[in-house]
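J.: Listed in order, the protein sequences are those of chains A and B. If you're matching positions, the first sequence starts at 85 in this note's numbering and goes up one per residue. If you're matching positions, the second sequence starts at 85 in this note's numbering and goes up one per residue. Note that the Cβ used here is the ideal one computed from N, Cα and C, for glycine as well. Before I ask anything, here is the structure I am working with.
Number of protein chains: 2
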Amino acid sequence: MEWERVREKIIEQVYPEQKELRDARSVYEKISAFIEGEYGLETHFAGSTGRGTCMSGDKDIDLFVLFPRDTERKTIEQQGLTVGKKAFENFDGEYQVEYAEHPYTKGQINGHEVEIVPCYKVSPENIKSAVDRTPHHSKWASENLNQRQKKDAVILKKFLDSGGLYGSSLKVQAFSGYLCEILIAHFGGFKELAEEAENWRENEVIDPENHHGGGLPQALKEKFSDESFVVIDPVDPERNVASVMSAQNYSRVIHRFWQFNRDPSMKFFQEEEREISQFEVKQEIDRRADFLVMEFERPEAVEDVIYPQMRKTLRRLENVLEEKQFRIFETGFHVGEEKTRILLELEASLPEVRKQKGPKVFHGVEHLEQFTEKYENTFIEDERIWAKIDRDYTEAKAFLNDFLSGEVEELEKKGIPDHVAKKIVEFRFTEAVPDDEEWLKYLAEKLKVKENE
Amino acid sequence: MEWERVREKIIEQVYPEQKELRDARSVYEKISAFIEGEYGLETHFAGSTGRGTCMSGDKDIDLFVLFPRDTERKTIEQQGLTVGKKAFENFDGEYQVEYAEHPYTKGQINGHEVEIVPCYKVSPENIKSAVDRTPHHSKWASENLNQRQKKDAVILKKFLDSGGLYGSSLKVQAFSGYLCEILIAHFGGFKELAEEAENWRENEVIDPENHHGGGLPQALKEKFSDESFVVIDPVDPERNVASVMSAQNYSRVIHRFWQFNRDPSMKFFQEEEREISQFEVKQEIDRRADFLVMEFERPEAVEDVIYPQMRKTLRRLENVLEEKQFRIFETGFHVGEEKTRILLELEASLPEVRKQKGPKVFHGVEHLEQFTEKYENTFIEDERIWAKIDRDYTEAKAFLNDFLSGEVEELEKKGIPDHVAKKIVEFRFTEAVPDDEEWLKYLAEKLKVKENE
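The structure is reproduced here in structure tokens:
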């Protein structure tokens, strides 16, 4: 009852009006008619706009051109491009060529963002690449969602998006639109899903088409062993639709559903706008350990490359700092439009003296010999020999300066991925709270700064 | 050859002259004759003086009075004391009464420190308490050591003593005199022992009388499972003569033998006298983390009680400090004549903010509920819920002041043993390097300060 009212309000705000959906379909149909007429090729209206599971204002039209199975790859690439170009030209659309599995065209027609993507018309078992699977996903979702469920799918997308959990890019690592639709179809609706989801466990398996009646076969268990959440693709029994989702995001989703169930209100469908001042962030920083902020140019690559590389870079820096015994409290990074920054909250200074652990004494004299040849001031503590030595680095700053100096190739050898290496090699330390709105928001979120009341 | 010369030199310095041993024996024989004559009781000349394995200057005479097996406990206690008192009176000796298994007398006769100890004359299998075993130990050692080996036993004692490893009290936790003698008898001599000992492993078992031909029975393996070094008592197959030895001291002994083997010289038989100035210790402290030194009165108990209690106290303080996330680099304690001090080298300050770990999100909503009821500013990181909270204590000093305040009984409940609790309750923080020679030596040793060259 209460939820129904909230639901209506959300739909009002985020679900497209019928006219909007009709407009999009009419544009699709015109292009489709042109392609069928000119080239005798079937098309498919993929994407959420095609099946009425998009948010209002979403003007994307994904048009897939289906080539017969025996078309040669070269032909599909050439003709795929030609078809796209001619279609854009025919409708006076501006376009450009993009590259995925095959090259394709992308541009504007009548105010819609249109993609014309060539793929093979094959059954799911015979797909040659991921792009051939898309029409099947699209078809499955259309056939398995009624009107109310389509709206619930959009509600779910909004619910996730407000929590930073909508998207299956390597930046976001959370829910794809297709995954949202599968879950709504499987559980029946948003509310039903929410009630189930708070109880999801580690390695939860959802198999909507019941491909694996008696539980996953061993081979799939192994394949999915690193994935916290497994949703078997209705059109491909060996694929986990949720494979890109990180364990952290899976946990966040469960947590968010649990919060929602305790208070099913509008707030879960609105962006949380924190208004945190520079002063408040500075106050927060004073209450914490030392801060080091490293700043460098944004790496030149797409987000699906930058984000995994930045995560790897951060892990690497954490590891080498911890090897040097610097105590780390918090880390993070932010890729802004221009600047990329790495945040390290840590004990930035260590005593000059440290103890170097040696072998256990009763593990044999050869180890004692090696150790005492290497170190001078040795002694026994517990069951080991130790050496008292001077630390290489007492300051984390000095260590990072040295670790990240040298040629880009050296950095790569030290475990910094290439695109990041090219930029981080010229990093500089900067004040923790510079005058940068985006970064300030990031810090406030990262450091859990609460708005002053 | 070289070693033989060194050996002769050590013997010259530490082995008693024949006259010294003869004098002691003659005193023993006079007392023994008196006791046999007056009471018809057999005696035994126990202790290292009795068997010529003492160091020169050692004036101890341990005289055991052997009572028949069927003597009642009450009788042995009364008559044991009477015999002792009369003997001291007869030889014009001053004495006092001490308490071990039975009360006994202890005093001076002709410049010798004499103990007259009553025990049962029983075979090793029938002993009623540890004191009855001593004459058997003594007898075994006498029968199994030739003249040269007796000297080697003394060399071994000196070797260990110079490294702080001679003594089986709960303070020292290392080698008893009897253990030294067993090892010399078993390996044949000091040099032979040294060569073997550097290769001793964890859970080494030495069984000189080969009581357990096929290896230790399971029950004994379990009994000795916490003991790094097992030497089966020649007169009691179920007893480990080395049971009091700590793993650290076992490691130190192996290490010391290994050092000796590489350079068999006099330096291992001399006390190492460090001449470290207050200034040098202060310099060392500047190169390290924060120092807290807690000072209180020496606990009122014997060393065998104080030392285990101090070790337990230190472990307890380490544990509670680490629970509070203070990072500890070094700890120690020193029981001086008057003052007892605890040393803590640590990061004495922590940031105000900390993260409180909560349950994994997918372990069930009931855990989420409990956690969020308790904490306000919660968030998800990795697979867990966490809370951002203020630390109870940012200063280790303030924490220790609170932890050790209150009544003695409260301290005992917090895990501080009674005798220490009575004194530590009035502790105060003191400067790390006060004007105290003994403490300075302790610090120099603990912090491995090298003498300036």
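Among the candidates B:Leu430, B:Arg399, B:Val419, whose CA atom is the shortest distance from the CA of isoleucine 412 of chain B?
T.: Closest by alpha carbon: B:Leu430.
J.: I need the straight-line Cα distance from lysine 396 of chain A to proline 501 of chain A, nearest angstrom please.
T.: The straight-line gap from Cα to Cα measures roughly 7 Å.
J.: How far does the beta strand (DSSP E) with proline 187 of chain B in it reach, from first residue to last?
T.: Unbroken beta strand (DSSP E) run through proline 187 of chain B: 187-193.
J.: For isoleucine 464 of chain B, I'd like the list of residues in its chain whose CB is within less than 8 Å of its CB, leaving aside the five on either flank, ordered along the chain.
T.: Answer for isoleucine 464 of chain B: Val445, Trp470, listed in chain order.
J.: Establish whether the CB of glutamate 286 of chain B and some CB of chain A are separated by less than 8 Å.
T.: So, interface residue.
J.: Kindly indicate the opening and closing residues of the alpha helix (DSSP H) around valine 98 of chain B.
T.: Element bounds for valine 98 of chain B: 86-98.
J.: I need the straight-line Cα distance from glutamine 440 of chain A to phenylalanine 410 of chain B, nearest angstrom please.
T.: So the two alpha carbons sit approximately 20 Å from each other.
J.: Let me check understanding here. Comparing Cα to Cα, which of B:Glu535, B:Pro292, B:His296 lies closest to glutamine 367 of chain B?
T.: Nearest of B:Glu535, B:Pro292, B:His296 to glutamine 367 of chain B, Cα basis: B:Glu535.
J.: So which residues on chain A does lysine 472 of chain B lean against when the C-beta distance must stay under 7 Å?
T.: Here the neighbours are Lys532.
J.: Just tell me which of B:Val314, B:Ala373, B:Arg285, B:Glu306 has its CA closest to the CA of isoleucine 266 of chain B.
T.: Residue B:Val314 is the option with its Cα nearest to isoleucine 266 of chain B.
J.: Between phenylalanine 148 of chain B and valine 201 of chain B, how many whole angstroms is the CB-CB distance? I'm expecting something under 8 Å.
T.: That pair is a contact at about 5 Å.
J.: With three or more C-beta pairs closer than 8 Å as the rule, is the stretch 414-427 of chain B touching the stretch 283-302 of chain B?
T.: Cβ pair count under 8 Å is below three, so no.
J.: Touching or not, the stretch 245-254 of chain A and the stretch 371-389 of chain A, by the rule of three or more beta carbon pairs under 8 Å?
T.: Contact holds: three or more Cβ-Cβ distances are below 8 Å.
J.: Please report the straight-line C-alpha distance between lysine 158 of chain B and proline 187 of chain B, rounded to a whole angstrom.
T.: Roughly 11 Å separates the two Cα atoms.
J.: For the stretch 229-302 of chain A, which segments carrying the beta strand (DSSP E) assignment without a break, of at least 3 residues, lie completely within its bounds, in sequence order?
T.: Entirely contained in the stretch 229-302 of chain A, the beta strand (DSSP E) runs reaching 3 residues are, in chain order, 288-290.
J.: Taking only beta carbons into account, state which residues of the stretch 337-351 of chain A come closer than 8 Å to chain C, listed in chain order.
T.: Protein chains in the displayed structure are A and B, and chain C is not among them.
J.: Show which residues of chain A have a CB atom less than 7 Å away from the CB atom of lysine 371 of chain B.
T.: It is worth fixing the name first, because residue 371 of chain B is arginine in this sequence and not lysine. Correct list: Pro435, Glu436, Val437.
J.: Could you check whether phenylalanine 380 of chain B and phenylalanine 483 of chain B sit closer than 8 Å to each other, using their CB atoms as the reference points?
T.: No. Outside cutoff.
J.: Hey, lysine 235 of chain A and glutamate 126 of chain A: beta-carbon distance below 8 Å or not?
T.: Contact: no.
J.: For glutamine 409 of chain B, which three-state DSSP category applies?
T.: Note: glutamine 409 of chain B maps to coil in three-state DSSP.
J.: Consider the Cβ of arginine 411 of chain A: report whether some Cβ of chain B lies at a distance smaller than 8 Å.
T.: For arginine 411 of chain A, the answer is yes, since a Cβ of chain B falls inside 8 Å of its Cβ.
J.: For glutamine 332 of chain A, would you say it is in contact with chain B, using Cβ-to-Cβ distances shorter than 8 Å as the test?
T.: Interface residue, yes.
J.: Confirm, please, whether the CB-CB distance from glutamate 122 of chain B to lysine 190 of chain B is below 8 Å.
T.: No, Cβ-Cβ distance for lysine 190 of chain B and glutamate 122 of chain B is not below 8 Å.
J.: Identify whether glutamine 180 of chain A lies in helix, strand or coil by the three-state DSSP scheme.
T.: Correct three-state label for glutamine 180 of chain A: strand.
J.: Give me the residue from A:Asn210, A:Gly272, A:Pro208 with the minimum Cα distance to alanine 237 of chain A.
T.: The shortest C-alpha separation from alanine 237 of chain A is found at A:Gly272.
J.: I need the DSSP call for isoleucine 160 of chain B, collapsed to helix, strand or coil.
T.: Note: isoleucine 160 of chain B maps to helix in three-state DSSP.
J.: Could you check the C-alpha separation between serine 207 of chain A and serine 132 of chain A for me, to the nearest Å?
T.: Spanning the two alpha carbons is a distance of roughly 21 Å.
J.: Please classify arginine 468 of chain B: does DSSP put it in a helix, a strand, or coil?
T.: It is a strand residue.
J.: Assuming the contact rule is C-beta atoms closer than 8 Å, valine 449 of chain A and asparagine 283 of chain B should be a hit. Round their C-beta distance to whole Å, please.
T.: Contact flag correct, Cβ pair sits at about 7 Å.
J.: Listing by chain order, which chain B residues have their CB less than 7 Å from the CB of phenylalanine 363 of chain A?
T.: What phenylalanine 363 of chain A touches in chain B: nothing, since even the nearest Cβ is about 17 Å away.
J.: Report the option in A:Ser349, A:Pro392, A:Ser433, A:Glu521 whose CA atom is closest to the CA atom of lysine 481 of chain A.
T.: Taking only the C-alpha atoms, the option nearest lysine 481 of chain A is A:Ser433.
J.: I want to verify the contact list: residues of chain B whose CB lies under 9 Å from the CB of serine 335 of chain A, in sequence order.
T.: In chain order: Lys444, Val445, Phe446, Ile464, Glu465, Asp466, Glu467, Arg468, Ile469.
J.: Does DSSP put glycine 134 of chain A in a helix, in a strand, or in coil?
T.: Reduced to three states, the DSSP call for glycine 134 of chain A is helix.
J.: Quick one, which residues of the stretch 276-303 of chain A are near chain B if we go by CB-CB under 8 Å, in chain order?
T.: So the close ones are Glu282, Asn283, Trp284, Arg285, Glu286, Glu288.
J.: Just the Cα atoms here: how many angstroms apart are glutamate 182 of chain B and phenylalanine 172 of chain B?
T.: Between glutamate 182 of chain B and phenylalanine 172 of chain B, the C-alpha separation is close to 14 Å.
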